[in-house]
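Report on one structure; see the data block that follows.
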Amino acid sequence: MNGFIALDVGGTSIKSGIISDSGQLLSPKISHYPSHSLEDLGTLLNHFTSIIIDELKNVSSSITIQGIGMAFPGPFDYKNGISLMQNINKYDALYGIDLHHVLKVKLDSCEAFKAQAAPHYSIRFENDASLYALGETVQDESLMTGKVLCLCIGTGLGSAFLEDGKLITSRQDVPPNGWVYDTPFLGSIIDNHISARGILKLHEQLHGISMPDVKSIADLALQGDLYALTTFKYFGKHFGEAISSFLKTFEPHTLVIGGQIAKSYTLFESGLQASLATCPPSVHIELSPDSSLSTLIGVKQLFLD
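If you read the sequence shown in my numbering, its first letter stands for residue -5, the second for the next number, and so on.
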């Protein structure tokens, strides 16, 4: 059986697993590791390598590794495997490094990996939100037809525009690269408002109360706290306002929402729906049950050739 090692490399944690040809998770579960994103280059390369080797221990030795796919946030030269992240408090040590080359050198010197890897295995890179979207299509065939907008709300707003299951990154009806995060909005950019930090800032602006994290606000809202409920209502309103122009231009039949903040969808649903009521055509909204799993499954799509 063939397998693909998938790493979702985030700023605070790295998630990993081995995916089959059919898009199934072969590992017993998704593994979680600290990111060590502030460490030096040598430490990071050793960390990535050890995660890859750890994954091999979780599956049968009969599985042949055909490729390794790594999901990274931008900016990143995905085609050439070169990180362009700099001065954003994560992975500065990777800036300008040919990760494809340096990782392959380390892995090719590791007997445990060589024993299970195909002779011509490859390492590929893609945007984390793009892989999340591709993974959603693997799990839901209805998303393979027509236009779909996938959004992932966490530390920022990841986005991907799909048509017939393929990423659209360069066309008049989508923003450059399919990324909406840096679109001007409410005096700054969308990412500063439709994100975890956006909710925290909104709560403080509305009520003069500083909270440690979004979960604390969500817990209060579920208990009926009016301040917290108001925060999520306004967040939903802002969310709808932020994406309405993309819905009008791209005209997707489905909007898929994932990420940690999507778990609080019931709290901001009314604000979002009210904001989108005047935005034709109507769009069907689906929630991703597990955006982390979708991102890992999406890695398999990088190797369709």
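Just so it is clear, CB atoms sit at the ideal spot from N, CA and C, and this is done for glycine as well.
- Fewer than three Cβ pairs drawn from the region 175 to 182 and the region 206 to 219 lie within less than 8 Å of each other, which leaves the two stretches out of contact.
- Residue 194 and residue 206 have their C-alpha atoms roughly 8 Å apart.
- In this chain, the alpha helix (DSSP H) harbouring residue 124 covers 122 to 133.
- A Cβ-Cβ contact shorter than 8 Å links residue 138 with residue 131.
- By the C-beta density criterion, residue 90 is exposed, having fewer than 16 other C-beta atoms within 10 angstroms.
- With fewer than 16 neighbouring CB atoms inside 10 Å of its own CB, residue 95 falls in the exposed class.
- In the DSSP assignment, residue -4 falls outside any alpha helix (DSSP H) and lies within the beta strand (DSSP E) extending over -4 to 3.
- In the three-state reduction of the DSSP assignment, residue 9 falls in the strand class, which pools E and B.
- When the five nearest sequence neighbours on each side are left out, the beta carbons in the same chain lying within less than 6 Å of the beta carbon of residue 223 are those of 215, in order along the chain.
- For secondary structure counted as the alpha helix (DSSP H) over 4 or more consecutive residues, the region 233 to 280 holds these complete runs in sequence order: 259 to 270.
- With contacts defined by Cβ atoms closer than 8 Å, residue 72 and residue 31 do not form a contacting pair.
- Under the three-state reduction of DSSP output, residue 53 falls in the coil class, being neither helix nor strand.
- Looking from the CA of residue 155, the closest CA among 121, 1, 39 belongs to 121.
- In the DSSP assignment, the residues bridged to residue 146 are 152, 252.
- CA-to-CA, the gap between residue 28 and residue 169 works out to about 32 Å.
- For residue 26, the enclosing beta strand (DSSP E) starts and ends at 25 to 28.
- The region 278 to 295 and the region 7 to 15 touch, with three or more beta-carbon pairs separated by less than 8 Å.
- Nearest C-alpha to residue 209 among 62, 255, 124: 255.
- For residue 215, there is no enclosing beta strand (DSSP E); the residue is part of the alpha helix (DSSP H) that begins and ends at 208 to 216.
- No Cβ-Cβ contact shorter than 8 Å links residue 118 with residue 249.
- Residue 119 has 64 as its beta-bridge partners, per DSSP.
- Spanning the alpha carbons of residue 268 and residue 211 requires a straight line of approximately 22 Å.
- At a Cβ-Cβ threshold of 8 Å, residue 123 and residue 152 count as neighbours.
- The continuous alpha helix (DSSP H) containing residue 199 extends over residues 190 to 201.
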